[in-house]
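Take a look at the structure below.
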Amino acid sequence: MAKEKNALRLSALDRRATSLGLSIGQPLANARAMLPELKVMAANDGADRKLLEHIADWCDRFTPFVALDPPRALLLDVTGATHLFGGEKALLDRILAALRVQGFVVRGALAGTSMAARACARHRDGLVVEPGEEMAVTEPLPIEALFLDPVTTHAFRRAGLKTIGQVAHRDRRELTARFGSAMVFTLETALGKTEKPISPRIPLPDYSAERNFPEPIATEEVILASLVSLAETLCEALEKRGEGARRLETTFFRADGTVMRIAVETGSPTREPKVIERLFREKLDALADPLDPGFGFDLIRLSASRTQRQEGAAADFSADLNAEREIRFLIDRLSARFGAHRVLAFQANDTHIPEAAGAALPAQEVRGAKSSWEVRRKEEAPRRPLRLLAKPEEVETIAAIPASPPRRFRWRRVQHDVVLVEGPERIAMEWWRHLTPQSTRDYFRVEDTNGNRFWLYRDGLYLRETGNPRWYLHGVFA
Amino acid sequence: MVGTAEKLEKLRATLASAGLETLVSNARVPLGFAPADAVLKGGLERGALHEVYAATNSETSATAFTAGLAARVAGKKKILWIRQDFSAVEFGELSATGFLELGLDPSQILLVCTAHADDAIKAASDALTCAALGAIMIEIPGAPKILDMVTSRRLTLAAAQKNVTAFLLRFAVKPEASTAETRWLIRGAASSKENENWGQPVFETDLVRNRHGRTGHWVMEWNCDEGLFREPAFGIAAHHRAVVSASGDR
Chain A
0 MAKEKNALRL SALDRRATSL GLSIGQPLAN ARAMLPELKV MAANDGADRK
50 LLEHIADWCD RFTPFVALDP PRALLLDVTG ATHLFGGEKA LLDRILAALR
100 VQGFVVRGAL AGTSMAARAC ARHRDGLVVE PGEEMAVTEP LPIEALFLDP
150 VTTHAFRRAG LKTIGQVAHR DRRELTARFG SAMVFTLETA LGKTEKPISP
200 RIPLPDYSAE RNFPEPIATE EVILASLVSL AETLCEALEK RGEGARRLET
250 TFFRADGTVM RIAVETGSPT REPKVIERLF REKLDALADP LDPGFGFDLI
300 RLSASRTQRQ EGAAADFSAD LNAEREIRFL IDRLSARFGA HRVLAFQAND
350 THIPEAAGAA LPAQEVRGAK SSWEVRRKEE APRRPLRLLA KPEEVETIAA
400 IPASPPRRFR WRRVQHDVVL VEGPERIAME WWRHLTPQST RDYFRVEDTN
450 GNRFWLYRDG LYLRETGNPR WYLHGVFA
Chain B
0 MVGTAEKLEK LRATLASAGL ETLVSNARVP LGFAPADAVL KGGLERGALH
50 EVYAATNSET SATAFTAGLA ARVAGKKKIL WIRQDFSAVE FGELSATGFL
100 ELGLDPSQIL LVCTAHADDA IKAASDALTC AALGAIMIEI PGAPKILDMV
150 TSRRLTLAAA QKNVTAFLLR FAVKPEASTA ETRWLIRGAA SSKENENWGQ
200 PVFETDLVRN RHGRTGHWVM EWNCDEGLFR EPAFGIAAHH RAVVSASGDR
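Chains as they are written, first to last, in numbering that gives the first Met the number 0: chain A, 0 to 477; chain B, 0 to 249.
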């Protein structure tokens, strides 16, 4: 039941309600009058949509080309997949039977075009339309089978056009002018005269390998072992084409219909089954919600969704290369376990802003290219602190005159007496990066009586940018 | 059987002459500061676990001291630095330019950020199987439960197995018993001043445990240009606090 045009109307019915003569779109008050004991529930479009997506995930085992046709239809392009399941009719029956076992009321049909199949699904459940027969099959169907918007359907009804065939005999130009080209396209597709390809919900992987388990598998060892054998198949295919995987995804199809996807990324192309298995093991091990096999998985698919050219893996005895490879593998393992954003490498950045000069980026992305670090000035003590605060912290200061560096300051409730000051080093903010003007910072290196060394700055030029400059602590030196 | 030891010795010599000295176990790396190297019988042992504790407010000094040790041990190899998130919030994030100014190559360092000490130890255990690493650093504030004798023994064994040196950098905690080869307590010292200028980093170091030798207490300076420890270039600042001896097992 849902509110529509200011009235509560029925939006879905179960089988019994239909047999008692209720219909979708009927006002609730009207239905109640017919059946006082009618049980109604509020419609939940979000949950319906989610359920449809779950079913689509499950259908992914038959073909990767699954499209949602909300509110309650799925379109599957099974071209080239039917022989795997013993023919078109066998595949259709299998899908319908499996869904019915899961408790869904479902109708389906298979035809040469998506709209013809959709029209037949409603009115000729379980039908496989022979090639070229689409027009003959769909013409006698009622106009509702086209699933046009209610206004259009109503208009056809009013005009006395009750079947698809009757509409099909009208002049196309007339129909286009009155109802738009989309409607005509739907009609033509239903008649089997044209088709647009189904775009898959999930980008298709370049390579994939899968395995069916007649007896669902649930133990970790078996799951990992089957991953290895899938990886072997996948790697063979990769090797033939001289490619390696950069991103791998495993799809676990649970016997009860739940589908889970887990992906790992690598810093360099990979086609080693052992490496792939190890990365998935790290990832599975670190999952916040452990992979729950329930009553077991009946299908596991491993696919490479991103690949890259990889030169022949000829045995390499160069110690340097081997070491580099070992470290790349370690980075991939740690990234799989903790996430790529937690395994970082420094990269030189062409800026003098202290916090941006040496950005730490995901190590998988930082390539071996020699980064150009500024050369340290010889014979000079460190000019930059080893530890930088994420956000400079304001300190209370006591200075003889406002413009000069502090004699004493208080940071995190500890007082520091300054004995040595170096500076100032003036760092102007890069104005072209900011919309609002940024004040200039005068940095000082100070040492306190205990030998602790800090990086302080005065925010803003005294009297020019601010009358009462504030002081911040930005980092700590060794 | 009699010839085995001799053969092994010969093999080691061959490896050393081929420049593959890292394969020779028990290689010791001199710090550069002679008195400490004497006590350490030549230097810091590779393929072992070393611990560095920071005195209060000397966390950055301890960081730099350990970075110096790691740089000595690792040579040109990579250093994997595992740090807990809390450590970065409380004591500051490790800075690339900071490493650069200490004379280290920032591209040599890989940073692993973990939410908990447990994750840090997991990452360390995995990293210690990677012989291509020069050193690994485990930076952990406080005293998490995971850091017990069992973990310490596991890290020690893993470090020895692949000859990767591990450094445990501890903040905000008193030295605890462990199976580490050496244990240091570090306090930042007033910088050595050349013409009253800002000087090189100076550390008051306390070697509170040395499994294969005596302990000691020294003031050392890190020489950013040569990448080694040495006697402070000029007299250190007048003030010099008495060293509080740290409790720790010997």
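Glycine is no exception: its CB is placed at the ideal position from the N, C-alpha and C atoms.
Query	Result
Terminal residues of the beta strand (DSSP E) in which Q307 of chain A lies	F296 to R308
Length of the line joining the Cα atoms of A198 of chain A and T62 of chain A	A small correction: the amino acid at residue 198 of chain A is Ser; Ala does not occupy that position in the sequence shown. So the alpha carbons of these two residues sit roughly 12 Å apart.
Interface partners of L387 of chain A on chain B, CB under 9 Å	G91, E92, L93, S94, T96 and G97
Straight-line Cα distance separating L110 of chain B from I261 of chain A	25 Å
Chain-ordered chain A contacts of K77 of chain B [CB-CB under 8 Å]	I326
Under 7 Å (Cβ pairs) to chain B, residues found in the region 335-348 of chain A	F337, R341, V342, L343, A344 and F345
Contacts that L154 of chain B makes with chain A (C-beta to C-beta distance below 7 Å)	Result: empty, since nearest Cβ-Cβ is about 16 Å, beyond 7 Å.
P141 of chain A to T257 of chain A span [Cα, whole Å]	36 Å
Boundaries of the beta strand (DSSP E) in which S403 of chain A is found, first to last residue	Note, S403 of chain A: premise wrong, no beta strand (DSSP E); not H, not E.
Cβ neighbour criterion (16 or more within 10 Å) applied to S22 of chain A	exposed
Chain A residues whose Cβ lies nearer than 7 Å to that of D118 of chain B	F337
Residues near L360 of chain A by beta carbon distance below 7 Å, same chain, minus five either side	L343, A344 and Q346
Beta carbon of G422 of chain A nearer than 9 Å to that of F453 of chain A	no
C-beta contact flag for A108 of chain A and A72 of chain A at 9 Å	no
Between the CA atoms of D447 of chain A and R406 of chain A - distance to the nearest angstrom	9 Å
Test item: CB-CB of P215 of chain A and F294 of chain A under 9 Å	yes
Proximity below 9 Å, CB of E230 of chain B to CB of F64 of chain B	no
Cβ contact check for the region 324-343 of chain A and the region 109-127 of chain B: 3 or more pairs under 8 Å	yes
Three or more C-beta pairs below 8 Å linking the region 203-223 of chain B and the region 36-55 of chain B	yes
DSSP three-state assignment for T17 of chain A, whether helix, strand or coil	helix
Three or more C-beta pairs below 8 Å linking the region 169-185 of chain B and the region 141-152 of chain B	yes
For L91 of chain A, the nearest candidate out of A:R8, A:L67 and A:V128 (CA to CA)	A:V128
Members of the region 265-291 of chain A that neighbour chain B once the beta carbon cut-off is set at 7 Å	none
Which listed residue (B:G187, B:A176 and B:N162) has its alpha carbon closest to that of D205 of chain B	B:G187
Whether E138 of chain B touches Q199 of chain B by CB criterion (9 Å)	no
Coil, strand or helix - V104 of chain A by DSSP	coil
Same chain, Cβ closer than 6 Å to A16 of chain A, five either side skipped, listed in chain order	none
Members of the region 100-111 of chain A that neighbour chain B once the beta carbon cut-off is set at 9 Å	none
Integer Cβ distance of T62 of chain B from L385 of chain A, believed to fall under 8 Å	6 Å
With 16 other Cβ atoms within 10 Å as the buried cut-off, status of M148 of chain B	exposed
is_contact[W217 of chain B, chain A] using C-beta, thresh 9 Å	no
A303 of chain A burial status per 10 Å Cβ neighbour count (16 or more: buried)	buried
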